[in-house]
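Data first, discussion second: the structure below is written as structure tokens.
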Amino acid sequence: MRPVETTDPEGIDYGWVMQTTFVLTIVVGAPAVALSSLPFELATWGQRANFAVRAGAVAWLCIAVLVYLYAWRRASAETDE
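Listed below in structure tokens is the structure:
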């Protein structure tokens, strides 16, 4: 029986997509959301949290789509070989 830690997916490795999306959202998305909040006056913590959730959702979605497309192209290139 193979260990749980190893996988050999056919096609897109969705585990890799989820992990990479998580890491890139923290490393790239969080600073981008913080920088994008600078032009706005966010006086209360509620306004700040609301902005962070809304802008963070957009950042996460964009990063997730880009990571998925990268994985799809990589999987397509591997099957063409």
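Under full-length UniProt numbering, the residues of the sequence shown are numbered 1 to 81, in order.
For glycine and all other residues, C-beta sits at the position ideal for the given N, C-alpha and C.
Leaving out five residues on either side along the sequence, give the residues of the same chain with a beta carbon under 7 Å from the beta carbon of A32. Within the sequence shown, the letter at position 32 stands for residue 32. So the qualifying residues of the chain are A59.
On the three-state DSSP scale, how would you describe V43? On the sequence shown, residue 43 is found 43 positions in, with the first residue counted as 1. The amino acid at residue 43 is misidentified as Val; the sequence shows Ala. Three-state result, A43: coil.
Start-to-end residues for the alpha helix (DSSP H) that takes in residue 92: Outside the displayed range of the chain (1 to 81) lies residue 92, so it cannot be described from this structure.
Let me make sure I understand the geometry here. Which of A43, D13, Y14, V28 has the alpha-carbon closest to that of C62? In the sequence shown, the residue the question calls residue 62 occupies position 62. The option with the nearest alpha carbon to C62 is V28.
Span of the alpha helix (DSSP H) around G15: For the purposes of this step, residue 15 is taken as the residue at position 15 of the sequence shown. For G15, the uninterrupted alpha helix (DSSP H) run begins and ends at 14-24, by DSSP.
Who are the near neighbours of A52 in its chain, counting only those whose CB is closer than 8 Å to its CB and skipping five residues on each side? For this step, residue 52 is matched to residue 52 along the sequence shown. If we look at A52 and ignore the five residues flanking it on each side, its Cβ neighbours are V33, S37.
Which of the three DSSP states, helix, strand or coil, is assigned to residue 82? Since the first and last residues shown for the chain are 1 and 81, residue 82 lies out of range.
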